[in-house]
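What follows is a set of notes on a single structure, which appears directly below.
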Amino acid sequence: MMIYYKQCLMVRVLEDKKEILTSWIPEKYAIRGKVIKLQNRESKEWTDGWEIILVGTRRREEKEVIERGQDYKKTRKSSDV
């Protein structure tokens, strides 16, 4: 079964600050107003309380999302940002 992803803008409100994040998440969870948990791919740590405030219209296959994520990491590493 093919898994599709959508790019979402999410917000998490903490006591003294607001965090904003853009990420590709599985399409079945990409629902505006839904509150979800996210897992950091590197640390495997879960954080909850992320509210989806905007869902993009473009959908991508899981393979493409993973490949683009690796491209981003390589670019960051080589540019020393």
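Note that the sequence shown covers residues 154 to 234 in this note's numbering. All residues carry an ideal CB built from backbone N, CA and C; glycine is no exception. The structure displayed is predicted, hence computed values, not measured ones.
Given a cut-off of 9 Å, decide if residue j and residue i are closer than it, judged by their beta-carbon atoms.
i	j	result
LYS190	TRP177	no
ARG165	LEU174	yes
VAL218	GLY202	no
What does the alpha-carbon distance come out to for the pair residue i and residue j?
i	j	result
MET154	GLU214	11 Å
LYS197	MET163	19 Å
ARG211	ARG221	14 Å
ASP169	GLU195	26 Å
Please check the pair residue i and residue j, which I expect to be a contact at CB under 8 Å, by giving their CB distance rounded to whole angstroms.
i	j	result
TYR158	GLU180	6 Å
Taking 6 Å as the limit between beta carbons, can you name the residues of its chain near residue i, skipping five residues before and five after?
i	result
GLY209	LYS159, GLN160
LEU207	LEU162
Report the residue from the options whose alpha carbon sits nearest the alpha carbon of residue i.
i	options	result
GLU204	TYR182, GLU168, ILE156, ASP169	TYR182
In chain order, what residues of the same chain have a beta carbon less than 7 Å from the beta carbon of residue i, not counting five sequence neighbours either side?
i	result
ILE156	PRO179, GLU215
ASN193	none
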